[in-house]
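*Asks:*
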Amino acid sequence: MVTVGWIPQIIRGYKTKSLSDVSYYLMILISTGSVLWIFYGVEINDKIIVGVNIAILIFNLTLLCMKIKYSRK
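Just so we're aligned, residue 2 is where the sequence shown starts under the numbering used here, counting upward by one.
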């Protein structure tokens, strides 16, 4: 549920071309946490932890790229 929670924000950002209400710090912290969880999942050989956190990282990096792109306009 938490993983797909990023999808509405991505859709909204794409439609409005604005992500000014999303914090860079939040995205950086969540990305860092996801990377750490991926390392942990690999260490304990848990494919679910790895898969979920890869998805979160992809969604979060998508938002980060969109924020950078739309803030330059």
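Even glycine gets a Cβ: it sits at the ideal position worked out from N, Cα and C.
1. Cα separation between residue 68 and residue 51?
2. Indicate the three-state DSSP secondary structure (helix, strand or coil) for residue 45 in the structure shown.
3. Can you tell me which of 55, 46, 23 puts its alpha carbon nearest to the alpha carbon of residue 4?
4. Are residue 35 and residue 61 touching if we call contact CB-CB under 8 Å?
5. Three-state secondary structure (DSSP) at residue 13?
*Replies:* According to the structure data:
1. Taking the sequence shown and counting its residues from 1, the one referred to as residue 68 is at position 67. Taking the sequence shown and counting its residues from 1, the one referred to as residue 51 is at position 50. Answer to the nearest angstrom: the Cα atoms are 25 Å apart.
2. Position 44 of the sequence shown, counted from the start, is the residue given in the question as residue 45. Residue state, collapsed to three classes: coil.
3. Along the sequence shown, one-based indexing puts residue 4 at 3. The option with the nearest alpha carbon to residue 4 is 55.
4. The residue you call residue 35 lines up with position 34 of the sequence shown. The residue you call residue 61 lines up with position 60 of the sequence shown. Contact: yes.
5. Reading the sequence shown from its first residue, position 12 is the one you call residue 13. Helix.
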